[in-house]
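Novice:
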Amino acid sequence: MSSSLVLVANAGDSSISTFRVTDAGLDRLSVTAGTTGCSNFAVDAERGFVYASVKADDDNADAGILTLSLDRETGVLTPQSRVSLPGGAMNYLSLTRDGSVLLGAAYSGGYGIVCAVGAGGEVSAPAAEVRFPRLHSVMASADGRHSYFVSLETDLVAQFSLESDLSLTPLDPPTADAPAGSGPRHLAFSDDQQTVYVLTEFTGEVLRYHRDPSSGALALVDSTPAHDPSEKLRHSVIDEDPRKNHYVWGADIHLTDGVVWASERTASTLAALPIDADGSLAAPAGFVVTETQPRGFAVNGDRTLLVAAGEQSTAVSLYRIDGTDLHLQGRYETGRGANWVRFA
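Everything in the sequence shown is counted per numbering that gives the first Met the number 0, starting at 0 for the first residue and increasing by one.
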């Protein structure tokens with residue numbers, strides 16, 4: 000595979016920017032238009048496909064998932080196929096089983112999906128669906144045996160066995176609770192797959208769940224604040240404006256070696272929470288102010304670089320990771336409403 004690329008969804012422009020990572024920073028190769036309202040996507044770097052969640056438009060009555068092929072030399076994304084989703088657009092997409100299965104979670108539609116992916120990147124109609132209010136993310140375990148759908152409104156993680164026919168069988172218990180009113184949002188797995196970290200939107204905490212590697216079941220252990228106390232942010236209230244009310248507004252979460260990183264949008268911070276040997280988290284070692292309203296960020300495969308986007312910014316920031324420190328390498332124009340980042 001050639002050098003690393005970074006893809007950024009610019010929801011305000013209905014486009015995706017492609018950057019090449021160079022010794023000097025990021026070099027924008029292309030901007031692909033026509034990804035209507037795209038706020039998230041999944042990347043199969045090995046096969047060269049990008050699966051973008053798109054909204055309805057003049058040519059398509061329904062939202063859907065658009066498959067695009069990625070030219071790694073030019074950065075251009077070329078549409079290949081589209082599957083319609085009458086129930087509404089996905090807010091989170093992730094791949095499992097070597098890119099042969101696509102998982103999705105829809106916030107407004109309140110449903111999650113499992114889709115087969117063909118050799119040419121064709122996404123099937125959903126093979127399975129689940130329904131929970133305001134689903135915000137979904138990921139599968141590394142072995143593809145279990146999947147986890149996070150419901151922000153009902154404060155839970157729904158947990159399933161992902162069967163060979165792509166049906167979903169609830170685990171025992173079928174859900175893992177989050178604290179009432181916390182608003183669980185995005186999740187990340189520890190390297191050994193025995194811990195799942197979930198960032199909450201309304202309280203800005205990282206919840207730590209023990210995961211039974213055999214059954215896949217989660218059990219809540221504890222929580223650690225991930226927002227800057229000096230900002231004096233207040234507990235969020237669902238459907239109220241977080242920035243206007245100076246509420247906590249947690250967003251995204253990713254891991255590097257020994258650190259959980261979490262973004263908060265009202266104060267526009269990235270928090271670094273050290274991971275102890277038992278998987279527990281220490282208080283944040285520090286906060287970095289980043290692009291305004293950082294809904295999405297990503298870490299590269301060798302965990303040396305982090306790219307953050309801001310919904311109220313037209314640029315992304317590239318950082319070099321040094322333990323719990325981030326060193327800004329540069330800021331690069333991308334587009335309006337930048338809110339999702341992935342390395343490829």
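Built from N, CA and C at the ideal position, the CB exists for glycine as well.
Only a predicted model underlies this, so the values are computations on that prediction, with no experimental measurement involved.
In the structure shown, what three-state DSSP assignment does Glu239 receive?
Specialist: The answer is coil: DSSP assigns Glu239 none of H, G, I, E or B.
Novice: Compute the Euclidean distance between the alpha carbons of Leu254 and Leu305, then round it to the nearest angstrom.
Specialist: When rounded, the distance between both Cα atoms is 10 Å.
Novice: Can you give me the Cβ contacts of Met89 inside the same chain, cut-off strictly under 6 Å, excluding the 5 residues immediately before and after it?
Specialist: The answer, listed in chain order, is Ser52, Gly103, Ala105.
Novice: I need the DSSP call for Arg335, collapsed to helix, strand or coil.
Specialist: In the structure shown, Arg335 sits in coil (DSSP, three-state: anything other than H, G, I, E or B).
Novice: Kindly indicate which three-state DSSP category Glu200 falls into: helix, strand or coil?
Specialist: Correct three-state label for Glu200: coil.
Novice: Tell me, please, which residues DSSP counts as bridged to Pro183.
Specialist: Beta-bridge pairing links Pro183 to Thr199.
Novice: Mind reading off the beta-carbon distance from Phe261 to Ala216? Whole number of angstroms is fine, and I expect it under 8 Å.
Specialist: Strictly speaking, residue 261 in this sequence is Ala, with Phe absent from that position. Actually they are not in contact, since the Cβ atoms of Ala261 and Ala216 sit about 24 Å apart, beyond 8 Å.
Novice: Let's test the definition: count the other Cβ atoms within 10 Å of the Cβ of Gly334 and tell me whether it reaches 16, buried, or not, exposed.
Specialist: The residue is buried, with at least 16 neighbouring Cβ atoms inside 10 Å.
Novice: Which class does Glu128 belong to by DSSP, given the choice of helix, strand or coil?
Specialist: Here Glu128 sits in strand by DSSP.
Novice: Within this structure, are the beta carbons of Leu151 and Glu200 separated by less than 8 Å?
Specialist: Going by C-beta atoms, Leu151 is nearer than 8 Å to Glu200.
Novice: Just mark Ile274 as buried or exposed, buried being the case when its beta carbon has 16 or more other beta carbons within 10 Å.
Specialist: Buried.
Novice: Excluding the 5 residues flanking Ser214 on each side, which residues of the same chain have their C-beta closer than 8 Å to its C-beta?
Specialist: Within the same chain, Ser214 has close Cβ partners Leu170, Asp171.
Novice: What number of angstroms, rounded off, separates the C-alpha of Ile112 from the C-alpha of Gly36?
Specialist: Distance between the alpha carbons of Ile112 and Gly36: 19 Å.
Novice: For Ala276 versus Phe342, is the C-beta spacing smaller than 8 Å?
Specialist: The answer is no: Cβ separation not under 8 Å.
Novice: Expressed to the nearest angstrom, what Euclidean distance is found between the alpha-carbon atoms of Val288 and His326?
Specialist: Cα to Cα, Val288 sits roughly 12 Å from His326.
Novice: With DSSP run on the structure shown, which of helix, strand or coil describes Asp12?
Specialist: Reduced to three states, the DSSP call for Asp12 is helix.
Novice: Since Ser165 is in the beta strand (DSSP E), which residue starts that stretch and which ends it?
Specialist: The identity of residue 165 in the sequence shown is Leu, whereas the question assumes Ser. Unbroken run through Leu165: none, as it is neither H nor E.
Novice: Three-state secondary structure (DSSP) at Ser80?
Specialist: Note: Ser80 maps to strand in three-state DSSP.
Novice: In angstroms with no decimal places, state the Cα-to-Cα distance between Glu332 and Ser16.
Specialist: Spanning the two alpha carbons is a distance of roughly 9 Å.
Novice: Quick one, which of Gly329, Asp240, Val195 has its alpha-carbon nearest Leu280's?
Specialist: Of the candidates Gly329, Asp240, Val195, the one whose C-alpha sits nearest the C-alpha of Leu280 is Val195.
Novice: Since Cys114 is in the beta strand (DSSP E), which residue starts that stretch and which ends it?
Specialist: Run containing Cys114: 110 to 115, per the beta strand (DSSP E) assignment.
Novice: How long is the line joining the alpha carbons of Thr34 and Asp58, rounded to whole angstroms?
Specialist: Thr34 and Asp58: Cα-Cα distance of roughly 12 Å.
Novice: Considering just the uninterrupted stretch of the beta strand (DSSP E) at Ile274, what are its terminal residues?
Specialist: No beta strand (DSSP E) holds Ile274; DSSP gives it neither H nor E.
Novice: For Glu72, is the classification buried or exposed, using 16 other Cβ atoms within 10 angstroms of its Cβ as the cut-off for buried?
Specialist: Label assigned to Glu72: exposed.
Novice: Going by CA-CA distance only, name the one from Val137, Pro78, Gly180, Thr153 that's closest to Phe345.
Specialist: Lying outside 0 to 343, the shown extent of the chain, residue 345 is not represented and no answer is given.
Novice: Per DSSP, which residues does Pro224 bridge with? Please list them.
Specialist: DSSP lists Glu204 as partners of Pro224.
Novice: To which residues of the same chain is Leu198 closer than 6 Å at the C-beta, ignoring the five residues directly before and after it?
Specialist: The answer, listed in chain order, is Arg184, His185, Val205, Gly249, Ile252, Ala261.
Novice: Give the range of the beta strand (DSSP E) segment to which Ser29 is assigned.
Specialist: Element bounds for Ser29: 24 to 32.
Novice: In chain order, what residues of the same chain have a beta carbon less than 8 Å from the beta carbon of Ile64, not counting five sequence neighbours either side?
Specialist: Result list for Ile64: Tyr50, Ala51, Ser52, Val53, Arg81, Val82, Leu84, Met89, Leu92, Leu101, Gly103, Cys114, Val122, in chain order.
Novice: Out of Arg27, Arg302, Ala307, state which residue places its alpha-carbon closest to the alpha-carbon of Gly322.
Specialist: Checked all of Arg27, Arg302, Ala307; the closest Cα to Gly322 is Arg302.
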